[in-house]
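Engineer: With our numbering, the residue at position 459 of the first sequence is 503, and numbering never jumps. A virtual CB, placed ideally from N, CA and C, is assigned to each residue, including glycine.
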Amino acid sequence: MVKIKLPGGIEKSFQKNITVRDVSGDDVFKNREPAIAGKLNSRIVDLDFPIESDTTLDLVMPNSNEGMEILRHSAAHLMAQAVTRLYPNAKLGIGPSIKDGFYYDFDLEQTLSQEDLEKIEEEMLKIAEEDLPYKRLEEPRTVAIERMEKANQSYKVELIKGLEDETVSFYQQGDFIDLCKGPHVSSTKNTGVFKLLSLAGAYWRGKETNPMLQRIYGTVFTNKKALAKHLKVLEEIKKRDHRKIGTALDLYSFHDKGGPGLVFWHPKGAAIRNVIETFWRSEHYARGYDILYSPHIAKIDLWKTSGHLDYYKDSMFSPIEVEGQEYILRPMNCPFAILMYQSSLRSYRDLPLRWGELGTVYRYERSGVLHGLLRVRGFTQDDAHIFCRPDQLQDEIEGVLDLALFMLNCFGFDEYEIELAVRGKGNEEKYIGENENWILAEEALTAALNKKQLDFARMEDEAKFYGPAIDIKTKDALGRGWQGPTIQVDFNLPERFDINYIGSDGIQHKVVMLHRTVIGAMERFLGCLIEHHAGNFPLWLAPIQVRVLPISDKFNDYALETKNKLSKAGIRTEVDTKSAKIGFKIREGTLEKIPYLLIVGEKEVEDEAVSVRSRKSGNEGPIPLSQFILRVEDEVRDKA
RNA sequence: GCUGCUGUGGCUCAGGGGUAGAGCACGUCCUUGGUAAGGACGAGGUCAUGGGUUCAAAUCCCAUCAGCAGCUCCA
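1) Okay, do the segment 554 to 564 and the segment 518 to 537 touch, 3+ Cβ pairs below 8 Å being the bar?
2) Would you say Arg116 and Thr349 are within 7 Å of each other, going by their C-beta atoms?
3) Is it right to say His299 is buried, meaning 16 or more other beta carbons lie within 10 angstroms of its own, or is it exposed?
4) Let me check understanding here. Comparing Cα to Cα, which of Asn453, Met557, Gln497, Ile142 lies closest to Ile481?
5) For Thr63, which residues of its own chain have a beta-carbon under 8 Å away from its beta-carbon, when the five flanking residues on both sides are left out?
6) Please identify the residue among Glu409, Arg568, Lys612, Lys343 whose C-alpha is closest to the C-alpha of Gln425.
7) CA-CA distance, Gly685 and Gly139?
8) For Ile364, which of helix, strand or coil comes out of DSSP?
9) Straight-line CA distance for Asp151 to Thr128?
10) Could you give the distance in angstroms between the alpha-carbon of Lys74 and the alpha-carbon of Val46?
11) Can you look up Ala465 in the DSSP assignment and give me helix, strand or coil?
12) Can you check DSSP and say which residues form a bridge with Asp534?
13) What first and last residue would you give for the beta strand (DSSP E) that runs through Phe265?
14) Between Val201, Cys224, Thr186, Ser242, which has its C-alpha nearest Glu159's C-alpha?
15) According to the neighbour-count rule (16 or more other Cβ atoms, all chains shown, within 10 Å of its Cβ), is Glu113 buried or exposed?
16) Among Gly400, Glu367, Glu182, whose alpha-carbon lies nearest the alpha-carbon of Asn377?
17) Out of Val264, Pro177, Gly245, Glu208, which has the shortest C-alpha to C-alpha gap to Asn107?
18) For Pro94, verify whether its CB is less than 6 Å away from any heavy atom of the ligand HEM.
19) According to the neighbour-count rule (16 or more other Cβ atoms, all chains shown, within 10 Å of its Cβ), is Thr634 buried or exposed?
20) Which stretch, first to last residue, makes up the alpha helix (DSSP H) that contains Thr648?
21) Examine the Cβ distances between the segment 412 to 428 and the segment 461 to 476 and report whether three or more of them are shorter than 8 Å.
22) First and last residue of the beta strand (DSSP E) that includes Phe146?
23) Which residues does DSSP pair with Glu401 in a beta bridge?
24) If you run the structure through DSSP and keep just helix, strand and coil, what is Phe569?
25) Please state the DSSP three-state secondary structure of Gly662.
26) Label Phe6 either buried or exposed according to how many other C-beta atoms from any shown protein chain fall within 10 Å of its C-beta, with 16 as the threshold for buried.
27) Specify the secondary structure class of Lys163 as computed by DSSP and reduced to three states.
28) In or out: Val187 buried (at least 16 other Cβ within 10 Å) or exposed?
29) Roughly how many whole angstroms lie between the Cα atoms of Ile289 and Glu636?
30) Reducing DSSP to helix, strand and coil, say where Ser57 ends up.
31) Pull up the DSSP beta-bridge partners for Ala342, would you.
32) Taking DSSP's pairing of strands, which residues face Met192 in a bridge?
33) Excluding the 5 residues preceding and the 5 following Asn267 in the sequence, name in chain order all residues of the same chain whose CB lies nearer than 7 Å to its CB.
34) Alpha carbons only, please: which of Ala578, Thr155, Arg65 is nearest the one belonging to Tyr131?
35) Is it true that the CB of Ser118 sits closer than 7 Å to the CB of His228?
36) Taking the beta carbon of Met256 as the centre, do at least 16 other beta carbons fall within 10 Å, making it buried, or is it exposed?
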């Protein structure tokens, strides 16, 4: 007999080697739906797992995180089985469960196409109907290697050889067997509702030098409704794609004749950017920053001193030769701020210096990584460098955190996660700078976060080689994470450039340098904003805030008058004098996602009014123009 | 950079060895219409670029460039 502790503190005795499945039939679980697996002393096992000794048991339910992971992994096996049936020569790579789905990598002679996915999916359905049990078997390493060699599964052989355990486990369903830790669902029939989504190349074990396998991505859920919901989210993501919306709203463009990854900002995109930049500047001035401008290129020696040429060369544009001198297009702004710092002697009384710059930088990104506005080759960072004394570090970090969170909030991001990237224990030599400095910096970063009562995750060994950092990851309307503000302490550049201040003791001390960005890069941030708001920019950012639509051209004059009054109040306004019906003008304005459409006709002229149609709530009826102006001004001020 | 797919008027896309099509947008005219598409006519393309095959290439082949999906990368 074995004693098993069940949920609710109930302990019961069962026959030895009773399976999890059998225990799950016990009265204790009678109100639960069928489990997908069991959890013995927090180790997840198959339903068929025989219980040999006293233990604690809970069930893993299909819709739990753990349950979904099992389901996804089982679906990956199911797919691999289907592929193996259709392409008997397929060599298997790996097939894990991932967020929202699974994939499996195959080495195939023929290249798969989208149509092949449908065939594979059909085969999967067939196998599911065959109701084949997933059976676990264990065998010694050597036998396992032999088995896989015989099956000509060279990748699996490689995997097993990399394992340290003397026994390895396989899972078999019908004619298909695969190396696997498990656990799995009990049968192919229980592999949920799945859909194969996409194809892609993927290097074996993620190494560029390894052969490229064909990866199939799929997703699976316990029921049709959940799958449909997920597919809808994917569709929504596609609809929100900033590349699509950016073109539709005429915000920016790329050009073959311009060059890949180089953004051309159209008037409307530029208008948004301009609002952001103006806001950025005033907010920085208000918080004791000064603002700099510096050139986009500089002599190569500067980049030698900064170390960029050594550490960052692969991401830089090739040098430009002028009058026998090599110049580098800047990939970062920091050396320029340092040159300016060095332009005079600095006293401890001068510090901190908070120097911000909307600095345009150029980076050579490999062609395959470019992606709309999110990954480009020329972009403008909302950069700032803070030069301070060690005793000022914590205050400065708090100030940046304040600013960063304030700005995120203004742009409609209220969810975020904070990470503190620090040195890893045991490999301190990877990092530059004095040990005591690292400790000081880490303490300052931690203290600032604590003082602001911000939750954060400590990320060991995630620091840059030159200093620890705080990274803030924002979440957008669809729950997707974006790289947000970062605050980095830098021990490297002050050393390399030997930048100092004169202390109260009359001797030189090394200055402490902080790099920070709040919104990152204008390009990426705008891409993110587009997707976050699905192109419905909040009023204060909208490139056109109001469009006046005369009912017929008899009212064009009144419409123009209205526009002038709005413009005078600083509201970005247009008039639509096209000779079209009002319905048509409204449709156009709506598609352009303009926050306010003002319809003006006979009634409005008489009453000095405008008929308001807002993006949020549609037709709101007429109000006096003066009142409307107040309303818009309020809303802009509130950044609503 | 790697693998695969794609490249046709400003946009979205159809077609496909015998010298180009639709819708939207654009222009002109008619229409002056009250909350998501009024009508007529018209202009606009060396079918990404360069080679090749062919009597004939936008169509087939190769290369290049660019885009897309991933992989890798992002000190």
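Structural biologist: The answer reads as follows:
1) Yes, since at least three Cβ pairs between the segment 554 to 564 and the segment 518 to 537 fall closer than 8 Å, the two stretches touch.
2) In this structure, Thr349 does not lie closer than 7 Å to Arg116 by Cβ.
3) By the 10 Å Cβ count, His299 comes out exposed.
4) Looking at the sequence shown, residue 481 is not Ile but Asn. Ranking the options by Cα distance to Asn481, first place goes to Met557.
5) Here Thr63 has Leu91, Asp92, Phe93, Pro94, Ile95 as same chain residues with Cβ atoms under 8 Å from its own Cβ, once five neighbours each way along the sequence are excluded.
6) Per the Cα distances, Arg568.
7) Outside the shown range of the chain, which is 45 to 684, sits residue 685, and nothing can be said about it.
8) Ile364 carries a strand assignment under DSSP once its states are collapsed to helix, strand and coil.
9) Our two residues, Asp151 and Thr128, have alpha carbons roughly 11 Å apart in a direct line.
10) Those two C-alpha atoms are separated by around 21 Å.
11) Correct three-state label for Ala465: strand.
12) Answer by DSSP bridge pairing, in chain order: Met557.
13) Run containing Phe265: 256 to 265, per the beta strand (DSSP E) assignment.
14) Among Val201, Cys224, Thr186, Ser242, the Cα nearest to that of Glu159 is on Ser242.
15) With 16 or more Cβ atoms within 10 Å of its Cβ, Glu113 is classed as buried.
16) Checked all of Gly400, Glu367, Glu182; the closest Cα to Asn377 is Gly400.
17) It is Val264.
18) Questions concerning the ligand HEM fall outside what the structure shown contains, since it holds no ligand whatsoever.
19) In this structure Thr634 is exposed. Its beta-carbon is surrounded by fewer than 16 other beta-carbon atoms within 10 angstroms.
20) Reading off the sequence, residue 648 comes out as Glu, not Thr. Unbroken alpha helix (DSSP H) run through Glu648: 646 to 651.
21) Fewer than three Cβ pairs drawn from the segment 412 to 428 and the segment 461 to 476 lie within less than 8 Å of each other, which leaves the two stretches out of contact.
22) Following the DSSP letters along the chain, one finds Phe146 inside the beta strand (DSSP E) bounded by residues 145 to 151.
23) Answer is Asp427.
24) Note: Phe569 maps to helix in three-state DSSP.
25) Gly662 falls in the strand class under three-state DSSP.
26) Any answer about residue 6 is impossible in this case: the structure gives the chain only from 45 up to 684.
27) Residue state, collapsed to three classes: helix.
28) Residue environment: Val187 is assigned as exposed (fewer than 16 neighbouring CB atoms within 10 Å of its CB, all protein chains considered).
29) One C-alpha to the other measures close to 10 Å.
30) In the three-state reduction of the DSSP assignment, Ser57 falls in the strand class.
31) DSSP lists Ile372 as partners of Ala342.
32) Paired residues: none, contrary to the question.
33) Only Val237 meet the Cβ criterion.
34) Its Cα nearest to that of Tyr131, the residue Thr155 stands out among Ala578, Thr155, Arg65.
35) Yes, Cβ-Cβ distance for His228 and Ser118 is below 7 Å.
36) When all chains shown are included, Met256 counts as exposed.
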